[in-house]
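Report on the structure given below.
There are 2 protein chains.
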Amino acid sequence: MFEFIPPGTRWFDLDSPFPMKRGGALHGARVAYETWGTLDADRGNAILILPGMSPDAHAASSAANPAPGWWEWMIGTGKPIDTGRWFVICVNALGSCKGSTGPASLNPDTGKAYRLDYPDLSIEDGADAAAELVRGLGIDQLACLIGNSMGAMTALAFLSRHPGVARNHINICGAARALPFSIAIRSLQREAIRNDPNWNGGNYDERTYPENGMGMARKLGVMTYRSALEWDGRFGRVRLDSEHRDDDEPFGAEFEVEGYLEAHARRFVHHYDPNSYLYLSRSIDWFDLGETADGDSVQALSRIEGVERALVIGVKTDILFPIQQQEEIAAGLRRAGTETRFLPLPSPQGHDAFLVDAERFAPAVAGFLRTLAHAELLADKVA
Amino acid sequence: MFEFIPPGTRWFDLDSPFPMKRGGALHGARVAYETWGTLDADRGNAILILPGMSPDAHAASSAANPAPGWWEWMIGTGKPIDTGRWFVICVNALGSCKGSTGPASLNPDTGKAYRLDYPDLSIEDGADAAAELVRGLGIDQLACLIGNSMGAMTALAFLSRHPGVARNHINICGAARALPFSIAIRSLQREAIRNDPNWNGGNYDERTYPENGMGMARKLGVMTYRSALEWDGRFGRVRLDSEHRDDDEPFGAEFEVEGYLEAHARRFVHHYDPNSYLYLSRSIDWFDLGETADGDSVQALSRIEGVERALVIGVKTDILFPIQQQEEIAAGLRRAGTETRFLPLPSPQGHDAFLVDAERFAPAVAGFLRTLAHAELLADKVA
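Note that the protein sequences, when read in sequence, are chains A and B. Each residue of the first sequence is one higher than the last, beginning at 1 in this note's numbering. Each residue of the second sequence is one higher than the last, beginning at 384 in this note's numbering.
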């Protein structure tokens, strides 16, 4: 009931049982994905994209679904991730409500939605599911693994747990572990949902739905996805016009920035499963690549094997995954022997810049992938 | 029922009616205050402190109330605000629930608490009330007006509306107007309270009290009062010990940072009136000194007359009142002809640094006040 699956979605069946990092297993689980471009005969031109927490697998338009994707300007023929050259896969996160098996999916044991019977979800589970998909598509090694935000965490877990499966890596607005300010933000988002009487321990339906809680959670999210600087220029102190204001509502919205948040919330609240939100949100808090190295994330990163080149991009106005965290990723990958470029961008849009700042992100990604393409052609000739 | 008044509080009756900036008036209203030190015969040694949104007038211990005040290290004999030299007044904000007339006070028209019948509250109303108190205490001119956070906004309104009533000024973590990121934060805090079914349009009682909403609002507040940097060092990824965790609570608190926020919320929720919170919070959003100068706050600041010297302090890690806003205040006051020192401090504690970073704030305030004392002694001799 609370799954939101774009047309054109394809599915891959995971091993059953699919064991989960923190215990338990999924039975008959699957991940949703889409692809663009053509896999070469030697299966060497695949790029896998691991998205953030909310997006589905529909990163770009396709014949099966001509609607624009969430990274439309990034993926396509002649675009930075050039589908004339690369075979591009985007996989919806395990635990999401956008096609991959999550709390809103049917539990084969009961014939009803899992809800809170879904097992504890970790970032590492998403990484393992993505690695199974890659192998399932007959790909031994990805030319490049790209991760954004939560997906950039998943990418680090992927590289760490499945060495050699990705030859190159682009890490965008990522982190090797969750830090307390962002944990606090997400904890508050979860509290907003849990406090909503309609959440009801995960047992809501369309008529009694935790609308207020989801709205609060989304607004708090949007606030930390953007930046104060951007909003100063964009909204200033401009008031909502009277048709977007309810002057009889005590302490109701009055400023444009409040209307913007409200509009974001409205678009989200009934298009994302609240339980999925809780599971994925907590998986981010739990993530700490350093777990495998006595809590030292740089040390854990330095043990990642087999990645030739990496591009690590951060945004200076990002308050959710602050730039120091991308600096740390780059430092760790360098210690791992990966030829790493760290690119701190001055985009004003904060964490979300990778979704909207095409001007800065497009040339960065295009340049890195062009270098890879050249290097690989050269390697082919030498071989 | 929801007023929280420290022992030793004194009251000053405001003019009745007391007209409010946005319309309406208060009848029989009063402000709560405390004083320390002795007013000179020439009444020239008075310092008025305008606190932030939540503190009461008990800024320091006194004979009437020996409990430590919220600025205990700042005020007292031999302390930065030296009560051996200065007569120090601290006034609780109009609209608060800590002694001054606010939504939790009795409405003389009905014999019941105002609740939402309290008139629209503006920062300027608090400034006018404070100016009445100063005159009421027989003081023509303050030696120095000190404002923190919301109180620093009130101080700017005071200087602008009551020229010549303050000879010198210390502005701490203030702003000449609310900007969209902080408006969004406060809007969300108000939404958390309004969404709580127990808020009930302002008609709660002790048994049906908007505890969840107030808790959320406070946590969101505390997050923006401190800084990510401080929390990285203070909490990292440390887990709560088992006695502070309820493992049966789905998605319950697990990290120390979550326990810290919960403890802050618990201390606040039943010690602050939710309606007062809403009124004061919105008054901050509404504040724009630039209103009087076609939206140009620097221009408005440059029209402030009669302030000889000012010290403007900001904190580089403050995300609620970012340092650019204190820079703007300093620029405006300089254009007004005030000899202004702008002091950007590297305190890691964010907006709240002025409450806790004695090491940096004590010498700054002490130094400025010593300069004043010397200058005034000199002026006395010359005269």
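Glycine included, C-beta positions come from ideal geometry on N, C-alpha and C.
(1) If you measure from the beta carbon of residue 332 of chain B to each beta carbon in chain A, is any gap under 8 Å?
(2) Helix, strand or coil for residue 642 of chain B, going by three-state DSSP, please let me know.
(3) Verify the CB distance criterion: does residue 575 of chain B have a CB-CB separation below 8 Å to chain E?
(4) Under 8 Å between beta-carbons, which chain A residues line up against residue 619 of chain B? List them in chain order, please.
(5) To the nearest angstrom, how far is the alpha carbon of residue 397 of chain B from that of residue 517 of chain B?
(6) Please look up how many angstroms separate the CB atoms of residue 102 of chain A and residue 273 of chain A, rounded, as I've assumed it's under 8 Å.
(7) Of all Cβ atoms in chain A, is any one closer than 8 Å to the Cβ of residue 636 of chain B?
(8) Would you please verify whether the beta carbon of residue 606 of chain B is less than 8 Å from any beta carbon of chain A?
(9) With a cut-off of 8 Å, does the C-beta of residue 515 of chain B fall near any C-beta of chain A?
(10) Within this structure, are the beta carbons of residue 483 of chain B and residue 475 of chain B separated by less than 8 Å?
(11) To which residues does DSSP link residue 722 of chain B through a beta bridge?
(12) Pick helix, strand or coil for residue 266 of chain A, following the three-state DSSP scheme.
(13) Which of the three DSSP states, helix, strand or coil, is assigned to residue 19 of chain A?
(14) For my contact list, residue 220 of chain A and residue 571 of chain B are in at a C-beta cut-off of 8 Å; report their separation, rounded to the angstrom.
(15) Count the other CB atoms, across all protein chains shown, that sit within 10 Å of the CB of residue 625 of chain B; report buried if there are 16 or more and exposed otherwise.
(16) Residue 198 of chain A and residue 180 of chain A: beta carbons closer than 8 Å?
(17) From this set, B:630, B:639, B:734 and B:634, which residue's C-alpha is nearest residue 623 of chain B's C-alpha?
(18) Is residue 326 of chain A closer than 8 Å to residue 313 of chain A when the C-beta atoms are compared?
(19) What span of residues does the beta strand (DSSP E) with residue 13 of chain A cover, start to end?
(20) Give the single residue among B:711, B:685, B:739 and B:707 whose Cα lies nearest to the Cα of residue 720 of chain B.
(21) Is the separation between the beta-carbon of residue 104 of chain A and that of residue 3 of chain A shorter than 8 Å?
(22) Use the C-beta contact count for residue 405 of chain B: other C-beta atoms within 10 angstroms, 16 or more gives buried, fewer gives exposed.
(23) Residue 314 of chain A CB to nearest chain B CB: under 8 Å?
(24) When the Cα atoms are used, what is the spatial distance from residue 812 of chain B to residue 433 of chain B?
(25) Assuming residue 694 of chain B and residue 464 of chain B are in contact, meaning their beta carbons sit under 8 Å apart, how far apart are those beta carbons, in whole angstroms?
(26) Between residue 386 of chain A and chain B, is there a C-beta pair that is closer than 8 Å?
(27) Would residue 386 of chain A and residue 89 of chain A be called neighbours here (beta carbons separated by less than 8 Å)?
(28) Starting from the beta carbon of residue 285 of chain A, find every residue of chain B whose beta carbon is closer than 8 Å, and list them in chain order.
(29) Against chain A, with Cβ distances strictly below 8 Å, would residue 633 of chain B count as a contact?
(30) Out of B:393, B:479 and B:609, point me to the one whose CA is closest to residue 447 of chain B's CA.
Reading from the atomic positions:
(1) Residue 332 of chain B cannot be examined here, being either before or after the span of chain B that is shown, 384 to 766.
(2) helix
(3) Annotation note: the requested chain E is absent from the structure, which comprises protein chains A and B.
(4) 179 and 180
(5) 11 Å
(6) 7 Å
(7) yes
(8) yes
(9) No, its Cβ sits nowhere closer than 8 Å to a Cβ of chain A.
(10) Between residue 483 of chain B and residue 475 of chain B, the CB-CB gap stays under 8 Å.
(11) B:692
(12) helix
(13) Note: residue 19 of chain A maps to strand in three-state DSSP.
(14) 6 Å
(15) exposed
(16) no
(17) B:639
(18) Using a Cβ distance threshold of 8 Å, residue 313 of chain A and residue 326 of chain A count as a contacting pair.
(19) 10-13
(20) B:685
(21) Yes; because the gap between Cβ atoms is below 8 Å, this pair is in contact.
(22) exposed
(23) no
(24) Chain B is shown only over 384 to 766; residue 812 of chain B falls outside these bounds and no answer can be derived.
(25) About 12 Å separates the two Cβ atoms, so there is no contact after all.
(26) In this structure chain A extends from 1 to 383, so residue 386 of chain A is not present and cannot be described.
(27) Because residue 386 of chain A is not part of the residues shown, which for chain A are 1 to 383, the question remains open.
(28) 637 and 638
(29) yes
(30) B:393
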